[in-house]
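*Asks:*
In this note's numbering, the protein residues as written are 204 to 686.
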C-alpha cells in the first residue's frame, strides 16, 4: 500500500481511491477522515480538536480541502470530537448530506446547539472579563451555524448498504459506546474500509456490545485505551466509597461527566447504590441542560441499551435536574453534603467549571473523574497531580480530593480491542491505528503486529494513503507484511 504525505487532493490525474487523515492521527480528538474515489469525496466524521492549544488551533485553521468539494459526511456518533465541527464545515461551504444513525441524528440536534451556545457564552464571558488575548473574542461558530447544519442530516438504517454518492456505498454497524454509535463501512471500487469510530465495551452496564468485525480491506481503529487494561475494580463500589467518605465529612462530590453516555452510566450506578442502601440519602443534582434533554432520546431507543423502562425511570428520578443559570449558581452557595453531576467530562467547559471554582479549593470535597482525559485538558492536569487550574482567566487552587474511576469508561480497552479484531474470519490488508495519544496508539500497533500478525501502523496528521487494489486482484491473498 503506497503512502504519501501530500496535504491536498491528488494532482496527477489518478483515480486511485485514497484515504487522508485530517484528524485523530496524532491525538484522540478531531476525528476527520477523507475518502476520495474517482468521482466523489466522503468525509467520515467532522469532529472538534480538544486538549492542547496547538490542537485546538486546528479548529480555527482553514479546512485542509475546500468544504464545498466534499460530497457527503458520515458520522460514527454524536460526541463533539466526532461531530462538533459540522456547523463550521457547513458555514464554510459544505452543501451535501450528513448521514448518521437515528440515535446520532437525535443527539446531534441537542449537542450541536448546546456546543454553539457554550462557545457563544464563553466568548461573551471572555469579552466581559477581559481574559482573552483577543480584543473581540469570537466563538468558533454560532447557534445560527449549528441550526443550519442540522438541516443536512439524513438517517441511515443499520446493516443495510446505502449508496451515498455515485460510487460509494456505506453500511452502519452498531458499535456500543453510546446511544446511536456506529462503525462505518465504506465500499468503493471493490474495496471496503471499516472505521470503528469509538468502540464500546463487551460488558458495559448500560450499552449493548459492538457487533463483530466483518472482513474488510482496510481497518481504521480507535486506540483511546490502546496502552492499558481497564481496572477490574467494580466502578459502582468505587463510586459508593467516595460518596460515603465525602458525605461523612460534609463535603461535595463533583462528577464531571459527558452529557451523553457517561451521565447515564453514573446515574445508573447511583440509582443502584441508593436502592441497596449503600450510599447516604444526600441530594444529587444533575446540572447539565443537555443531559436532561438527552433523557428522552434514551427512552425512545430501548433496543440500544440493557436497562428496562422501569429502571430507566428510576435512574432519571434519582437526581434533581437543574435548568436555569440562577439555580446553577445557587448550588455554589449550598455547600455539602451533596453530589453534583455536570458537563463537561474533561473539564473543558460548561457549568462544571463554576462548581470547580467554588468547591475545588476545599479539601472536604472531591472531584471524581469517570472517563478518558485527553492531554491538555483540565481533567488530564488534575489526573497528573496539578493543584492549580486556570479557569476563566484565574488560577484556582485545588485542594479537593481527586479520584479517577477509569473502569467506568465506555471505550474498549486494549485487550477488548484485540479480542474484537482477532475474531474476524479474514484479516484486513492494512490496519491504521488512530484516536489515541502517541503512546497508546503505538503500543496497540505493536500488539496488532505481534499478537495478530497483521500489518498495522500509526498514520501522520494530514497523511494520504492509497487504498490499493481490490482484494480479489491482489496476488498472494492477504499481503499483510510485518514491520
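We put the CB at the ideal spot given by N, CA and C, even for glycine.
Excluding the 5 residues preceding and the 5 following residue 299 in the sequence, name in chain order all residues of the same chain whose CB lies nearer than 8 Å to its CB.
*Replies:* Cβ neighbours of residue 299 beyond the five flanking positions: 273, 274, 275, 276, 355.
*Asks:* Below 8 Å, how does it come out for the segment 433-443 and the segment 546-556: are there three or more Cβ pairs, yes or no?
*Replies:* No: fewer than three Cβ pairs fall under 8 Å.
*Asks:* Where do the ends of the beta strand (DSSP E) carrying residue 375 lie?
*Replies:* Run containing residue 375: 372-377, per the beta strand (DSSP E) assignment.
*Asks:* Grab the span of the beta strand (DSSP E) containing residue 481 for me, first residue to last.
*Replies:* Unbroken run through residue 481: none, as it is neither H nor E.
*Asks:* Keeping to the same chain, check which residues put their C-beta closer than 7 Å to that of residue 243; ignore five residues upstream and five downstream.
*Replies:* 274, 368, 369, 370, 371
*Asks:* Where do the N-terminal and C-terminal ends of the beta strand (DSSP E) with residue 422 fall, by residue?
*Replies:* Taken as a continuous stretch (DSSP letters only), the beta strand (DSSP E) holding residue 422 covers 421-425.
*Asks:* So residue 489 and residue 523 are supposed to be a Cβ contact under 8 Å. How far apart are they, rounded?
*Replies:* 7 Å
*Asks:* Report the start-end ranges of each alpha helix (DSSP H) in the segment 558-645 that is 4 residues or longer and not cut off at the edges.
*Replies:* 581-586, 617-625
*Asks:* Run through DSSP, which three-state label would residue 668 get?
*Replies:* Taken through DSSP and simplified to helix, strand or coil, residue 668 comes out as strand.
*Asks:* Within 10 Å of its beta-carbon, does residue 406 have 16 or more other beta-carbons around it, so buried, or fewer, so exposed?
*Replies:* Here residue 406 is exposed, its C-beta having fewer than 16 other C-beta atoms within 10 Å.
*Asks:* So what's residue 508 in DSSP terms, helix, strand or just coil?
*Replies:* strand
*Asks:* Indicate the three-state DSSP secondary structure (helix, strand or coil) for residue 275 in the structure shown.
*Replies:* strand
*Asks:* Report yes or no: do the segment 345-352 and the segment 382-399 share at least 3 C-beta pairs separated by less than 8 Å?
*Replies:* no
*Asks:* Distance check for residue 289 and residue 253, CA to CA, integer angstroms please.
*Replies:* 15 Å
*Asks:* Measuring only the C-alpha atoms, how far is residue 533 from residue 429?
*Replies:* 41 Å
*Asks:* Among the residues of its own chain, which have a CB less than 6 Å from the CB of residue 599, if the five just before and after it don't count?
*Replies:* 560, 563, 592
*Asks:* Alpha carbon to alpha carbon, how far is residue 433 from residue 412? Give it in angstroms, no decimals.
*Replies:* Taking the straight line from one Cα to the other gives about 16 Å.
*Asks:* For residue 464 and residue 535, I'd like the C-alpha separation in whole angstroms.
*Replies:* 25 Å
*Asks:* Verify the contact flag: residue 641, CB atom, against every heavy atom of the ligand GDP, threshold strictly below 7 Å.
*Replies:* You won't find the ligand GDP in this model; it holds no ligand whatsoever.
*Asks:* Count the other C-beta atoms from every protein chain shown that fall within 10 angstroms of the C-beta of residue 420, then say buried if there are 16 or more, exposed otherwise.
*Replies:* buried
*Asks:* Would residue 232 and residue 284 qualify as a contact pair, given that the criterion is a beta-carbon distance under 8 Å?
*Replies:* yes
*Asks:* Using a 10 Å radius around the Cβ and a threshold of 16 neighbouring Cβ atoms, would you call residue 218 buried or exposed?
*Replies:* Exposed: under 16 other Cβ atoms inside 10 Å.
*Asks:* Within 8 Å, do at least three Cβ pairs link the segment 322-332 to the segment 263-272?
*Replies:* no
*Asks:* Give the DSSP-derived three-state secondary structure of residue 521 in the structure shown.
*Replies:* coil
*Asks:* If you draw a straight line from the C-alpha of residue 682 to the C-alpha of residue 566, how long is it?
*Replies:* Confidence at residue 682 is low in this model, with a pLDDT of 39, below 50, so the placement of that residue should be treated as unreliable; the coordinate-derived value is given next. Distance between residue 682 and residue 566, taken at the CA atoms: about 58 Å.
*Asks:* Between which two residues does the beta strand (DSSP E) holding residue 397 run?
*Replies:* 394-398
*Asks:* Can you list, in chain order, the residues of its chain with a C-beta nearer than 7 Å to that of residue 500? Leave out the 5 residues immediately preceding and following it.
*Replies:* 306, 309, 310, 382
*Asks:* My output table needs one value for residue 686: the three-state DSSP class, helix, strand or coil.
*Replies:* For residue 686, the predicted model reports a pLDDT of 47, less than 50, meaning its position is unreliable and no value from the coordinates is stated.
*Asks:* Using the rule of at least 16 other Cβ atoms within 10 Å of the residue's Cβ for burial, across every protein chain shown, is residue 228 buried or exposed?
*Replies:* buried
*Asks:* Can you tell me which of the three DSSP states residue 251 falls into?
*Replies:* coil
*Asks:* Who are the near neighbours of residue 650 in its chain, counting only those whose CB is closer than 7 Å to its CB and skipping five residues on each side?
*Replies:* A distance below 7 Å between beta-carbons, with the five flanking residues on each side excluded, links residue 650 to the following residues of its chain, in chain order: 617, 621.
*Asks:* If we count the other Cβ atoms within 10 Å of its Cβ and call it buried at 16 or more, is residue 468 buried or exposed?
*Replies:* Buried, by the Cβ-count rule.
*Asks:* In whole angstroms, what is the alpha-carbon distance linking residue 398 and residue 340?
*Replies:* 36 Å
*Asks:* Taking the alpha-carbon of residue 638 as reference, which of 581, 425, 584 has the nearest alpha-carbon?
*Replies:* 425
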